Amino acid sequence: MQELLEKAERLALENRSKGFHCSESVFAAINETLGIIDPEMVRIATGFHGGGGARRKDKEVDLTVFLEEVASGRERRPPDQWPVEVTGHICGALASGVMCIGLLFGRRKPTDDLTCPDELANELHRRFEEKFGTKLCREIRQKYVPISDNHTCEYVYQKGARMAVELILSSPSWAERCPNPRLTAGDR
Numbered sequence: 004m005q006e007l008l009e010k011a012e013r014l015a016l017e018n019r020s021k022g023f024h025c026s027e028s029v030f031a032a033i034n035e036t037l038g039i040i041d042p043e044m045v046r047i048a049t050g051f052h053g054g055g056g057a058r059r060k061d062k063e064v065d066l067t068v069f070l071e072e073v074a075s076g077r078e079r080r081p082p083d084q085w086p087v088e089v090t091g092h093i094c095g096a097l098a099s100g101v102m103c104i105g106l107l108f109g110r111r112k113p114t115d116d117l118t119c120p121d122e123l124a125n126e127l128h129r130r131f132e133e134k135f136g137t138k139l140c141r142e143i144r145q146k147y148v149p150i151s152d153n154h155t156c157e158y159v160y161q162k163g164a165r166m167a168v169e170l171i172l173s174s175p176s177w178a179e180r181c182p183n184p185r186l187t188a189g190d191r
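As numbered in the working numbering, residues 4 to 191 make up the sequence shown, in order.
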């Protein structure tokens, strides 16, 4: 399992270096590590970066360019001075882990049991908050960006991907009523 956890961390950083943001980087890393979906599915995670998206305060600002400056650590102004408003709610790394739990264990019909996906998602939230002290993007950025060498959340990307993969791989023994997930890459 250790090899897969390290792979998830490495892929989260590789995805960031390609230009993906937190939610996309972590979602793709988890899925590639576990081999569970089509790489095109990363699009489902896009709206979760920045704690749930952003909007321009100034319509002249290129939102894509500006947000890349933020994610890469090149934008150094405090968020209250940005020409965009970032939602700042649930961390994209956490949201991506919850989405992956849903992909593997989620319901296909209303009568399916919620025990497994709900307990796993709840446990991921608990572990994430225990590790980072919060689940909110804006608070994580305030805490981790200033102390990182490159002014980014890459540490959170790595640990968020690792945490989700670890929980998913341990799910049958951890949560009651969790079926073995259907994994194709590096099956435990």
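Just so you know, even glycine gets a beta-carbon here, dropped at the ideal spot from N, CA and C. Fair warning: this is a prediction, and the values are worked out from it, not measured in the lab.
Whole angstroms is fine: what's the gap from residue i's alpha carbon to residue j's?
i	j	result
L172	M4	8 Å
L97	E63	31 Å
S128	S26	The sequence given here has His at residue 128, not Ser. When rounded, the distance between both Cα atoms is 15 Å.
L116	R79	Before going on, a small fix: residue 116 reads as Asp here, not Leu. Rounded to the nearest angstrom, the two C-alpha atoms are 46 Å apart.
P212	I40	Nothing about residue 212 can be reported from this structure: the residues present for the chain run from 4 to 191 only.
R77	E157	14 Å
C103	F30	7 Å
K146	T137	10 Å
L70	E132	25 Å
S20	A57	21 Å
R130	I47	23 Å
A74	S176	36 Å
A164	L170	10 Å
V148	M166	20 Å
R191	S174	Bear in mind that the predicted position of R191 carries a pLDDT of just 38, short of 50, making it unreliable; the figure below should be weighed with that in mind. So the alpha carbons of these two residues sit roughly 12 Å apart.
R111	P81	43 Å
D121	N18	28 Å
N153	M44	28 Å
T155	P113	40 Å
E72	G105	31 Å
Q84	S151	21 Å
V68	P42	23 Å
Can you list, in chain order, the residues of its chain whose CB lies under 8 Å from that of residue i, leaving out five sequence neighbours each side?
i	result
G189	In this prediction, G189 has a pLDDT of 45, which is less than 50 and means its spatial position is unreliable; what the coordinates show is noted afterwards. Excluding positions up to five away in sequence, the list reads E6, L7, K10, T36, L37 and G38.
Leaving out five residues before and five after residue i in sequence, what residues of the same chain have Cβ atoms less than 7 Å from its Cβ?
i	result
V101	A124 and L127
V168	L7, L8, A11, I33, T36 and L37
Q161	E12, A15 and L16
D61	P86
F135	I143 and V159
Between residue i and residue j, which are expected to be in contact by the criterion C-beta below 8 Å, what is the C-beta distance as a whole number of angstroms?
i	j	result
G95	F51	4 Å
I93	G53	Rounded, the Cβ-Cβ distance is 10 Å, inconsistent with contact.
Identify, in the order they occur along the chain, each residue of the same chain with its Cβ nearer than 6 Å to the Cβ of residue i, setting aside the five sequence neighbours on each side.
i	result
C119	F108, A178, R180 and C181
S99	S26, V29, F30 and A48
R59	L66 and V87
Open item on the list: Can you confirm whether the stretch 85–96 touches the stretch 131–149 when touching is taken to mean that 3 or more C-beta pairs between the two stretches lie within less than 8 Å?
Closed with: Yes, the stretch 131–149 touches the stretch 85–96.
| Can you list, in chain order, the stretches of the alpha helix (DSSP H) that have 4 or more residues and sit fully within the stretch 10–66? | If only complete runs of 4 or more residues are kept, the stretch 10–66 shows the alpha helix (DSSP H) at 25–37, in order along the chain.
Threshold first: 4 residues or longer. Then list the alpha helix (DSSP H) segments lying entirely within the stretch 103–184, N to C.
Counting whole runs of 4 or more residues, the stretch 103–184 contains the alpha helix (DSSP H) stretches 118–135, 140–147, 157–172 and 174–177.
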